[in-house]
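**Student:** My questions all concern the structure below.
2 protein chains.
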Amino acid sequence: MKPTASYPTITRQEQKLFTRQKLLDTTIDIISAEGMTGLTLAKVAERAGLSRGICNFHFQTKEQLMLEAFKTLYREHEQAWRAILEDERRSPEERLNLFIRTLLTPPLADPRKLAVWLAFWGVAPHRQTYIDLCTEGDCQYEQAIEELLRQLSPGQQEINGLSLKTIAVWLTAMIDGIHLQYLIAPGRLTPDDAIRACQAFLGSYFQLSEKEPDGT
Amino acid sequence: MKPTASYPTITRQEQKLFTRQKLLDTTIDIISAEGMTGLTLAKVAERAGLSRGICNFHFQTKEQLMLEAFKTLYREHEQAWRAILEDERRSPEERLNLFIRTLLTPPLADPRKLAVWLAFWGVAPHRQTYIDLCTEGDCQYEQAIEELLRQLSPGQQEINGLSLKTIAVWLTAMIDGIHLQYLIAPGRLTPDDAIRACQAFLGSYFQLSEKEPDGT
DNA sequence: TTTTTAGCTGTACAATTGTTCAGTGAACCG
DNA sequence: CGGTTCACTGAACAATTGTACAGCTAAAAA
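Quick mapping for you: the protein sequence lines, in order, are chains A and B.
Sequential numbering from 1 applies to the first sequence in the numbering used here.
Sequential numbering from 217 applies to the second sequence in the numbering used here.
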């Protein structure tokens, strides 16, 4: 199959970037559907409609391809939470609520995407590079949450003797745990319930107005 | 290598069970060290000091071997929490504290073991058999926690409008999330901190006496 | 003892793996 | 236009994969 010869001819540079991205997308799709053990360079190439050696051409090695796919995932995630946490137009409380809701409901928290995260995490403990990536990404993530919590409780550095950083770490742990539950025990925990769990957890440290979208 | 010819000769039946268990242990060791992608029947056989076809002989297929290893893991885990949660000699509060501490500190919560859990979970979403196993195991687990919470708040079916079951699910989500943090961001969350997180979380629903082992 | 049984060996096999690389043809540029 | 560049091809590679199975040997049974 040849490069899609569209009307306004695509430059070679664009074509390369386009193919590269397609390979990354395909990689994530396969992992999502079949898990880490189902990922094969041949499969990626075939599914992308390209030739066998294409992955090595773009990424040299399979390891590199996986790492790059992982980075893509992290970038998407970062973009999502930044858009919410750092949105100055909303009140801190609004942001926190929206943040929780966004992370615990589709499209961010859909089984397909979560499966990829889990698959990568399952590999991460055995590769320092992955751990480094996680550490770096999660650090900024938690700092952003901490910052939001700080805005939520102006002046105070501690709540009930706990630093805001600690509470931020706890919240991320809780969110990750809920994601795991979604995957491992589908249906056990409804998104609404999960949101309530986080709000209840935070409610014991901050005064949050119960926001009911609609009354019964 | 021949079967270890000990002094009191081992029966054929015992030998078979022994070998079978050794293969399962080796499987878990390899997954722990290299992840799911590092698991190979040849490697298992070699590391166990046995011949190539041994895994197929005992488990027919690789899939079966993995499933059986997963079951072993679940059994160990179940044994651990049952010993604590159902220990009638301790007060409910003691049991809850011990339960949390046990699940969040070594030897149960050591990186080696957690890595295996994570590796299996990473595969689970793609095999119904695994999910079924998880669902079954987790159900009993959560029911046991719920029962303990019930003993902790006698008479009440709800707390702050939340069912005890809901709180039990939340607690397991929190514990899983902490386990994930241990692996993905080692050192970020200390066991002491993690224990405090759970206690703080539960503290907003139950009256628990802060148990300080030693004062500074 | 002799015969039977069965746990295990180790070779063999087809399939698949990640990776290499000379070749190709279209985009690029002077 | 004509020469160069380069994204991509696809056959070939050695290595490794899961699995099958005839044969061996020591335990069990007769």
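Backbone N, C-alpha and C define an ideal beta-carbon position, used for all residues, glycine too.
Just so you know, these numbers come straight off a predicted model, no measurement behind them.
Just how far apart, CA to CA, sit Thr382 (chain B) and Gln276 (chain B)?
**Tutor:** In the second sequence, the residue the question calls residue 382 (chain B) occupies position 166. In the second sequence, the residue the question calls residue 276 (chain B) occupies position 60. Looking at the two C-alpha atoms, the distance is approximately 41 Å.
**Student:** Applying the 10 Å Cβ sphere with the 16-neighbour rule, what's the burial state of Gly137 (chain A)?
**Tutor:** Stepping through the first sequence from its first residue, residue 137 (chain A) is reached at position 137. By the 10 Å Cβ count, Gly137 (chain A) comes out buried.
**Student:** In this structure, what does DSSP give as the bridge partners for Glu279 (chain B)?
**Tutor:** For this step, residue 279 (chain B) is matched to residue 63 along the second sequence. DSSP output for Glu279 (chain B) lists no bridge partner at all.
**Student:** For a contact meaning CB atoms closer than 8 Å, what does His126 (chain A) contact in chain B?
**Tutor:** Within the first sequence, the letter at position 126 stands for residue 126 (chain A). Within chain B, the residues near His126 (chain A) are Ala249, Glu250, Gly251, Gly254 and Ala331.
**Student:** With which residues is Leu378 (chain B) paired in a DSSP beta bridge?
**Tutor:** Against the second sequence, residue 378 (chain B) aligns to sequence position 162. Paired residue(s): B:Ile375.
**Student:** Over what stretch of residues does the alpha helix (DSSP H) that includes Gly419 (chain B) continue unbroken?
**Tutor:** Along the second sequence, read from residue 1 onward, the residue named residue 419 (chain B) stands at position 203. Where Gly419 (chain B) is concerned, the enclosing alpha helix (DSSP H) stretches over Pro407 to Gly419.
**Student:** Is there a C-beta anywhere in chain A that falls below 8 Å from the one on Gln369 (chain B)?
**Tutor:** The residue labelled residue 369 (chain B) in the question sits at position 153 within the second sequence. According to the sequence displayed, residue 369 (chain B) carries Ser and not Gln. No, because no Cβ of chain A sits closer than 8 Å to the Cβ of Ser369 (chain B).
**Student:** Below 8 Å between beta carbons is the criterion; list the residues of the stretch 382 to 394 of chain B that meet it against any residue of chain A, in chain order.
**Tutor:** Answer set for the stretch 382 to 394 of chain B: Thr382, Val385, Trp386, Thr388, Ala389, Met390, Ile391, Asp392, Gly393 and Ile394.
**Student:** Verify whether the separation of the beta carbon atoms of Glu309 (chain B) and Leu255 (chain B) is less than 8 Å.
**Tutor:** Reading the second sequence from its first residue, position 93 is the one you call residue 309 (chain B). Reading the second sequence from its first residue, position 39 is the one you call residue 255 (chain B). No.
**Student:** Hey, is Ile361 (chain B)'s beta-carbon within less than 8 Å of any beta-carbon in chain A?
**Tutor:** Indexing the second sequence from 1 puts residue 361 (chain B) at position 145. No, Ile361 (chain B) lies away from the interface with chain A (no Cβ there is under 8 Å from its Cβ).
**Student:** Give me the residue from B:Ser248, B:Thr243, B:Thr288 and B:Asp241 with the minimum Cα distance to Arg127 (chain A).
**Tutor:** For the purposes of this step, residue 127 (chain A) is identified with residue 127 of the first sequence, where counting begins at 1. Nearest C-alpha to Arg127 (chain A): B:Ser248.
**Student:** Determine the chain A residues that contact Trp337 (chain B) at a beta-carbon separation under 9 Å, and present them in chain order.
**Tutor:** Reading the second sequence from its first residue, position 121 is the one you call residue 337 (chain B). Correct list: Leu118, Trp121, Gly122, Leu180, Leu183 and Ile184.
**Student:** Could you check whether Ala389 (chain B) and Gln181 (chain A) sit closer than 8 Å to each other, using their CB atoms as the reference points?
**Tutor:** As a first step, residue 181 (chain A) is located in the first sequence; it is residue number 181 there, counting from the start. As a first step, residue 389 (chain B) is located in the second sequence; it is residue number 173 there, counting from the start. The answer is yes: Cβ separation under 8 Å.
**Student:** Is the stretch 110 to 122 of chain A in contact with the stretch 68 to 79 of chain A, if contact means three or more CB pairs nearer than 8 Å?
**Tutor:** They touch, by the three-pair rule.
**Student:** Measuring only between beta-carbons, confirm whether Ala325 (chain B) sits less than 8 Å from chain A.
**Tutor:** For this step, residue 325 (chain B) is matched to residue 109 along the second sequence. It does not; no Cβ of chain A falls within 8 Å.
**Student:** Would you kindly report the start and end of the unbroken alpha helix (DSSP H) that includes Pro111 (chain A)?
**Tutor:** Sequence index remark: in the first sequence, residue 111 (chain A) carries index 111 (1-based). Start and end: Pro111 to Val123.
**Student:** In terms of residues, what are the limits of the alpha helix (DSSP H) holding Arg101 (chain A)?
**Tutor:** Walking along the first sequence from the start, residue 101 (chain A) turns up at place 101. Element bounds for Arg101 (chain A): Pro92 to Leu104.
**Student:** Please list, in chain order, all residues of the same chain as Ser379 (chain B) whose beta carbon is under 8 Å from its beta carbon, the five residues on each side excluded.
**Tutor:** Here residue 379 (chain B) refers to the residue found at position 163 when the second sequence is read from its first residue. Once the five neighbours on either side are set aside, the close Cβ partners of Ser379 (chain B) are Gln373.
**Student:** Can you tell me which of the three DSSP states Leu171 (chain A) falls into?
**Tutor:** On the first sequence, residue 171 (chain A) is found 171 positions in, with the first residue counted as 1. Three-state DSSP puts Leu171 (chain A) in a helix.
**Student:** If you draw a straight line from the alpha carbon of Glu262 (chain B) to that of Glu250 (chain B), how long is it in whole angstroms?
**Tutor:** To locate residue 262 (chain B), count along the second sequence from 1; it is residue 46. To locate residue 250 (chain B), count along the second sequence from 1; it is residue 34. Taking the straight line joining both Cα atoms gives about 15 Å.
**Student:** What do you reckon, are the CB atoms on Pro125 (chain A) and Leu399 (chain B) nearer than 8 Å?
**Tutor:** What you label residue 125 (chain A) is simply residue 125 of the first sequence in a count that begins at 1. What you label residue 399 (chain B) is simply residue 183 of the second sequence in a count that begins at 1. For Pro125 (chain A) and Leu399 (chain B), yes; Cβs fall inside 8 Å.
**Student:** On a Cα-Cα basis, can you pick out the residue from B:Trp386, B:Ala410 and B:Met252 that is closest to Phe201 (chain A)?
**Tutor:** Here residue 201 (chain A) refers to the residue found at position 201 of the first sequence. Considering only alpha carbons, the answer is B:Trp386.
**Student:** Taking only three categories from DSSP, how would you classify Phe206 (chain A)?
**Tutor:** In the first sequence, residue 206 (chain A) corresponds to position 206, counting from 1. Phe206 (chain A) falls in the coil class under three-state DSSP.
**Student:** Suppose contacts are defined by Cβ-Cβ distances below 8 Å. Is Pro407 (chain B) in contact with Thr321 (chain B) by that definition?
**Tutor:** As a position in the second sequence, residue 407 (chain B) is number 191, starting the count at 1. As a position in the second sequence, residue 321 (chain B) is number 105, starting the count at 1. Yes, the Cβ-Cβ distance between Pro407 (chain B) and Thr321 (chain B) is below 8 Å.
**Student:** For the alpha helix (DSSP H) containing Arg263 (chain B), list its first residue and its last residue.
**Tutor:** Residue 263 (chain B) sits at position 47 when you count from the first residue of the second sequence. It spans Leu257 to Arg263 - the alpha helix (DSSP H) in which Arg263 (chain B) sits, taken as one unbroken run.
**Student:** Taking just the CA atoms, how far does Glu78 (chain A) sit from Thr253 (chain B)?
**Tutor:** Residue numbering aside, residue 253 (chain B) sits at position 37 when the second sequence is read from its first letter. Residue numbering aside, residue 78 (chain A) sits at position 78 when the first sequence is read from its first letter. Answer to the nearest angstrom: the Cα atoms are 27 Å apart.
**Student:** Would you say Ser163 (chain A) lies against chain B (beta-carbon separation less than 8 Å)?
**Tutor:** Looking up residue 163 (chain A) in the first sequence gives position 163. Chain B, which has no Cβ nearer than 8 Å to the Cβ of Ser163 (chain A), makes this no.
**Student:** Tell me which residues share the same chain as Ala285 (chain B) and place their Cβ nearer than 7 Å to its Cβ, disregarding the 5 neighbours each side in the sequence.
**Tutor:** If you number the second sequence from 1, residue 285 (chain B) lands on position 69. Leu240, Thr243 and Ile244.
**Student:** Using the C-alpha atoms, what's the distance from Ala384 (chain B) back to Gln229 (chain B)?
**Tutor:** In the second sequence, counting from the first residue as 1, residue 229 (chain B) sits at position 13. In the second sequence, counting from the first residue as 1, residue 384 (chain B) sits at position 168. Taking the straight line joining both Cα atoms gives about 42 Å.
**Student:** Ala410 (chain B): buried (16+ other C-beta within 10 angstroms of its C-beta) or exposed?
**Tutor:** Looking up residue 410 (chain B) in the second sequence gives position 194. Label assigned to Ala410 (chain B): buried.
**Student:** Quick check on Ser420 (chain B) - is its C-beta less than 8 Å from some C-beta in chain A?
**Tutor:** Numbered from its first residue, the second sequence carries residue 420 (chain B) at position 204. Yes, its Cβ sits closer than 8 Å to a Cβ of chain A.
**Student:** Does Arg404 (chain B) have its Cβ less than 8 Å from a Cβ in chain A?
**Tutor:** In the second sequence, the residue the question calls residue 404 (chain B) occupies position 188. True, the Cβ-Cβ gap to chain A drops below 8 Å.
**Student:** Run down chain A in chain order and give the residues with a C-beta less than 8 Å from the C-beta of Cys350 (chain B).
**Tutor:** The residue you call residue 350 (chain B) lines up with position 134 of the second sequence. What Cys350 (chain B) touches in chain A: Ile184 and Ala185.
**Student:** Let me confirm a value: Gly393 (chain B) is counted as buried when at least 16 other C-beta atoms fall within 10 Å, else exposed. Which label applies?
**Tutor:** If you number the second sequence from 1, residue 393 (chain B) lands on position 177. The residue is buried, with at least 16 neighbouring Cβ atoms inside 10 Å.
**Student:** Can you find a CB in chain B that lies within less than 8 Å of the CB of Ala197 (chain A)?
**Tutor:** Your numbering for residue 197 (chain A) matches position 197 in the first sequence. It does; some Cβ of chain B falls within 8 Å.
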